[in-house]
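UniProt numbering puts the first residue of the sequence shown at 1, with every later residue one more than the last.
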Amino acid sequence: MLQRFLTRLESVSLPHLSRSTLCLSVMKRKVDLLTITDPSTPISMRKSIVYISGRVHPGETPSSFVVHGFLDFILSALPQAQLLRKRCIFKVLIPRSSHLCVVSTKTVNSI
Numbered sequence: 001m002l003q004r005f006l007t008r009l010e011s012v013s014l015p016h017l018s019r020s021t022l023c024l025s026v027m028k029r030k031v032d033l034l035t036i037t038d039p040s041t042p043i044s045m046r047k048s049i050v051y052i053s054g055r056v057h058p059g060e061t062p063s064s065f066v067v068h069g070f071l072d073f074i075l076s077a078l079p080q081a082q083l084l085r086k087r088c089i090f091k092v093l094i095p096r097s098s099h100l101c102v103v104s105t106k107t108v109n110s111i
């Protein structure tokens with residue numbers, strides 16, 4: 001569900017959203033890093049950096065919904081979201097979890 005949401009976001013060009021691959025997991029899955037900030041804010045203005053991580057282990061599905069809700073809010077046109085993007089750089093870590101990792105030879109704690 002979260003991955004479909006991210007794919008939809010990429011189809012809409014948002015100037016304050018950047019998606020990159022941080023690394024590959026031991027299971028060779030991409031670990032995405034989203035950077036969300038207002039690019040028009042001058043570099044000279046000191047911004048706080050906020051790191052958000054969700055769904056570290058396969059059974060932590062509720063955190064996917066929390067991250068999805070956060071992204072819905074912070075990428076919206078609401079004045080509060082715009083202000084936060086001006087003042088902060090959000091780094092959101094999105095691992096690609098799989099229910100299949102429990103049946104693989106890797107540990108459940110591996111992404």
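Ideal Cβ placement from N, Cα and C applies to all residues, glycine included.
Treat the numbers as computed from the prediction; the structure is a model and nothing was measured.
Segment limits, alpha helix (DSSP H) that includes residue i
i	result
I43	No alpha helix (DSSP H) contains I43, which DSSP labels as neither H nor E.
L83	P79 to R87
Residues bridged to residue i (per DSSP)
i	result
L24	K30
S18	T35
I94	D32
First and last residue of the uninterrupted beta strand (DSSP E) at residue i
i	result
S53	S48 to S53
Alpha-carbon to alpha-carbon, residue j and residue i
i	j	result
Q3	P42	31 Å
D38	R46	13 Å
D32	F73	19 Å
H99	S53	Confidence at H99 is low in this model, with a pLDDT of 49, below 50, so the placement of that residue is unreliable and no value is reported for it.
T21	P62	23 Å
Nearest to residue i (by Cα), restricted to the options the options
i	options	result
S44	L93, K91 and K86	K86
A81	F5, H16 and E10	H16
Integer-rounded CB distance, given that residue j should sit under 8 Å from residue i
i	j	result
S40	C88	Actually they do not touch by this definition, with Cβ atoms about 14 Å apart.
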